[in-house]
Amino acid sequence: MGRAAFAGDLPRPAQAPPGQGARRPLGQILLERGDLCADDLARALALQAGQEARFGDILTANGMVSEAALYDALAAQYDTRVADLRAEPPDARLVDALGAEFCVRHAVVPWKRLGGGTVLICSRPDEFAAIRDRLPAGFGRVHLAVAPERDIQTALIAARNRHLSRRAEQRVEACDSCRSWQAGPTGRLWLGVALALVALFVTAPTFGFAVLTGWVVLTMLATTGVKLVSALLMWHGKRAAAEAPADPEPARLPTISVLVPLYRERDIAGRLIRRLAALDYPRAALDICLVVEADDLLTRETLAASDLPAWMRQIIVPEGTVRTKPRAMNFALDFCRGSIIGVYDAEDEPAPDQLRKVVHRFAARGPEVACLQGILDYYNAPKNWLSRAFTIEYAAWFRVVLPGWQRLGFAVPLGGTTLFFRRAALESLGGWDAHNVTEDADLGIRLARHGFRTELIDTVTREEANCRVWPWIKQRSRWIKGYAMTYGVHMRRPRQLLADLGWRKTIGVQVLFLGTLSQFVLAPLLWSFWLPAVGLPHPLVDMMPRAMALTLAVAFFSTELLNIAIGISALGAPEHRFLRKWVPTLHVYYPLATLAAVKAIAEIVTRPFYWDKTHHGDYHVEPDGPPLPIPQPSQA
């Protein structure tokens with residue numbers, strides 16, 4: 001049905017159009033028809049005072065009125081009828097004349113010709129007059145009909161799925177997208193670098209080994225230095241954060257749309273519904289969009305067998321040239337109702353008060369803060385060693401390194417889930433790059449390049465850690481591949497990158513992407529320094545001055561100590577302290593990323609846009625079964 005963001009796009013008439021007289025209130029019509037009781041009407045009016053949600057949404061989301069009764073009453077209020085789009089789909093030529101994007105955004109569809117005019121179906125008939133003034137002259141006299149928003153959306157997708165799919169794939173300008181990452185000077189540059197390295201190793205292998213070793217040591221020192229400064233800033237910032245006042249609550253809570261991309265999720269659907277039902281936010285202002293691929297019959301059938309609440313709906317994404325999470329989210333974005341857009345993964349378990357914290361933070365910040373990133377954690381850390389190591393890595397990143405990274409003034413790479421955007425800012429950037437398999441990191445840099453800021457927010461979402469080696473490698477290879485392609489895209493025009501970000505943020509981009517990639521790909525060169533310890537020769541150690549060898553040893557040892565210190569300090573929560581003894585084992589955990597890097601390099605050449613699916617549902621902390629009764633959130 002409605003969304004508050006339309007208030008700025010289409011002015012709602014304060015009264016009926018001239019000649020029609022004042023309309024009877026919707027609540028009065030429902031009362032007279034026996035579809036709504038007086039107590040529920042009073043409660044709905046009280047709720048409306050504290051929310052930006054529409055009155056009809058409040059009624060249906062809280063189970064006071066059925067959707068059918070609501071639209072029958074709206075038809076009576078506007079002296080029209082409810083159209084059956086399932087029995088009679090819209091004329092696709094009329095949709096093209098108005099524009100599919102316009103129709104989706106305003107939840108309208110031109111249905112058919114009637115005499116010398118056109119029937120326009122609206123899900124929000126109070127906006128009909130404003131929309132009518134923007135219609136093509138060829139539509140003639142426009143007649144109003146009403147229908148539920150989901151029926152309008154389904155009809156639009158069926159009528160123009162190819163057009164909408166193509167739009168989802170190309171929302172981001174080609175110059176900012178990795179869909180053309182091999183084209184132009186960037187592709188030739190990287191090819192030239194690769195050929196030069198091959199030639200160097202063929203003609204002067206020892207010198208080539210020394211050059212690459214020097215480079216990987218340099219990137220190790222750079223990333224270690226940033227980690228150290230980040231950790232110091234974070235530890236200092238903890239004291240300041242404890243003294244900061246709480247963020248204010250807005251007078252009226254905005255509508256939040258949360259995108260939850262799903263793919264082959266038979267085992268997770270029931271648990272997902274229960275976890276999202278625990279969110280403490282007014283149901284009428286909560287728009288959960290389960291984004292499902294059209295050919296994913298497994299997930300669609302699973303959801304069809306589930307009893308989805310009124311504030312949770314499916315958005316079916318038609319097939320396209322790529323199948324990625326960002327493409328699916330781009331497609332769903334226009335169908336959202338909220339002025340704030342959130343992203344969760346299928347296995348996520350967000351803190352119940354998370355959405356309220358997000359709303360409070362956005363209310364306390366100016367429009368330049370366009371994105372909030374929550375903390376990610378894992379609920380299956382006890383499963384095995386790999387899940388424990390993964391949990392330690394995430395704790396160090398989200399609780400120590402990333403907060404310090406933000407305080408350094410660097411562009412914040414996003415984490416893929418527990419993300420919340422101001423819709424206007426997200427749409428101004430074109431949404432996500434549909435071809436980028438780490439769309440989160442790319443979007444974080446694009447936000448910074450356009451002058452927006454990302455802030456971390458102290459709210460936790462628990463999710464499921466990959467706890468099997470091969471799935472872990474597949475997931476990490478996707479991340480590494482995406483990092484490489486993101487770096488290539490943003491380095492197409494280095495001068496423009498510097499102009500957009502300034503020196504500080506540009507250096508941060510180099511350390512983050514180039515440093516991370518170098519550490520993963522060239523890690524075996526660092527491992528080679530263990531050879532002398534077991535009595536084997538090393539091509540460089542014997543040629544090094546003793547002082548240089550000692551300096552390298554101190555640098556390696558100090559780096560390991562810092563990593564251990566950061567890992568231990570990140571595990572301060574009571575539920576994490578049992579992991580501290582496992583922190584030193586990360587020394588044998590990170591080599592798995594080098595195996596993932598090999599896979600990533602191969603896929604950059606052969607399948608750059610392939611999304612290696614991460615399977616969920618191997619571990620859960622709640623009983624299986626149908627969704628539990630939905631708790632009622634506090635409404636204030």
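All residue numbers for the sequence shown refer to UniProt numbering, where the first residue is 1 and numbers rise by one. All residues carry an ideal CB built from backbone N, CA and C; glycine is no exception.
Relative to the C-alpha of residue i, which candidate in the options has its C-alpha closest?
| i | options | result |
| --- | --- | --- |
| histidine 539 | Leu550, Ala547, Leu525 | Just to set this straight, residue 539 is proline in the shown sequence, not histidine. Among Leu550, Ala547, Leu525, the Cα nearest to that of proline 539 belongs to Leu525. |
| alanine 363 | Pro254, Asp433, Val217, Glu32 | Pro254 |
| alanine 159 | Arg171, His143, Phe139, Val104 | Val104 |
| alanine 411 | Glu603, Gly444, Leu197 | Gly444 |
| leucine 290 | Ala284, Ala278, Ala304, Pro282 | Ala304 |
| alanine 285 | Ala49, Trp530, Gly320, Arg23 | Ala49 |
| tryptophan 111 | Ala465, Ala46, Val142 | Val142 |
| valine 172 | Asp433, Ala155, Phe529 | Asp433 |
| glutamate 464 | Arg179, Glu349, Leu372, Ala145 | Glu349 |
| tryptophan 530 | Ala549, Arg462, Gln519 | Ala549 |
| proline 356 | Pro584, Glu249, Arg113, Ile316 | Per the sequence shown, the amino acid found at residue 356 is arginine instead of proline. The shortest C-alpha separation from arginine 356 is found at Glu249. |
| proline 475 | Asp542, Ala499, Leu595, Ile316 | Looking at the sequence shown, residue 475 is not proline but glutamine. Of the listed residues, the one whose Cα sits closest to glutamine 475 is Leu595. |
| alanine 68 | Ala100, Ser123, Trp405, Arg462 | Ser123 |
| glycine 117 | Phe139, Trp235, Arg361 | Phe139 |
| serine 165 | Asp334, Arg446, Glu575, Leu447 | Asp334 |
| glycine 342 | Gly192, Ile288, Leu512 | Ile288 |
| aspartate 247 | Glu575, Leu276, Met485, Val359 | Val359 |
| valine 489 | Asp176, Tyr589, Leu426 | Asp176 |
| glycine 416 | Ser339, Lys325, Leu522 | Lys325 |
| leucine 262 | Arg179, Leu297, Ala76 | Leu297 |
| valine 226 | Arg407, Arg23, Tyr589 | Arg407 |
| leucine 39 | Ser477, His236, Cys178, Leu59 | Here residue 39 is aspartate; the residue named in the question, leucine, does not match the sequence. Per the Cα distances, Leu59. |
Can you tell me whether DSSP reads residue i as helix, strand or coil?
| i | result |
| --- | --- |
| methionine 312 | strand |
| histidine 143 | strand |
| leucine 522 | coil |
| glycine 116 | coil |
| glutamine 170 | coil |
| arginine 33 | helix |
| tyrosine 378 | strand |
| valine 511 | helix |
| valine 554 | helix |
| valine 202 | helix |
| isoleucine 601 | helix |
| glutamate 319 | coil |
| proline 591 | helix |
| threonine 223 | helix |
| isoleucine 268 | coil |
| histidine 163 | helix |
| aspartate 40 | helix |
What are the residues that DSSP puts in a beta bridge with residue i?
| i | result |
| --- | --- |
| leucine 290 | Val260, Gln314 |
| arginine 493 | The partner list for arginine 493 (beta bridge, DSSP) is empty, contrary to what the question assumes. |
| isoleucine 340 | Ile256, Arg422 |
| isoleucine 121 | Val109, Ala145 |
| glutamate 455 | Leu372 |
| proline 350 | Thr461 |
| valine 193 | BP columns for valine 193 are empty, so no partner. |
| valine 82 | Val146 |
| glutamine 51 | Leu253 |
Here's the rule I'm using: 16 or more other beta-carbon atoms within 10 Å means buried, otherwise exposed. How should residue i be labelled?
| i | result |
| --- | --- |
| proline 367 | exposed |
| valine 534 | exposed |
| arginine 423 | buried |
| glutamate 88 | exposed |
| glycine 508 | buried |
| glutamine 373 | buried |
| arginine 86 | exposed |
| glycine 451 | exposed |
| arginine 162 | exposed |
| proline 125 | buried |
| phenylalanine 520 | buried |
| tryptophan 472 | buried |
| aspartate 84 | exposed |
| glycine 625 | With a pLDDT of only 42 at glycine 625, under 50, the local geometry of the prediction cannot be trusted, and the value read off the model is given with reservation. Exposed, because fewer than 16 other Cβ atoms sit within 10 Å of the Cβ of glycine 625. |
| glutamate 319 | exposed |
Would you mind giving the Cβ-Cβ distance between residue i and residue j, rounded to the nearest angstrom? I have them listed as a contact below 8 Å.
| i | j | result |
| --- | --- | --- |
| methionine 168 | asparagine 330 | Checking the sequence, you will find alanine at residue 168 rather than methionine. Right, their Cβ atoms sit about 4 Å apart. |
| leucine 41 | alanine 73 | Incorrect: roughly 12 Å between the Cβ atoms, too far for contact. |
| alanine 231 | valine 400 | 5 Å |
| valine 95 | valine 82 | The pair is not a contact, with the Cβ atoms about 20 Å apart (cut-off 8 Å). |
| lysine 613 | arginine 266 | Going by Cβ atoms, the distance from lysine 613 to arginine 266 rounds to 13 Å, so no, they are not a contact pair. |
| arginine 268 | alanine 332 | Looking at the sequence provided, one finds isoleucine at residue 268 rather than arginine. No, isoleucine 268 and alanine 332 are not in contact; Cβ-Cβ is about 18 Å, not under 8 Å. |
| tyrosine 487 | leucine 517 | 7 Å |
| tryptophan 311 | alanine 61 | 5 Å |
I'd like to confirm something about residue i: is its beta-carbon nearer than 6 Å to some heavy atom of the ligand SAM, or not?
| i | result |
| --- | --- |
| arginine 504 | Judged by which ligands are present, the structure shown has none, so any question about the ligand SAM falls away. |
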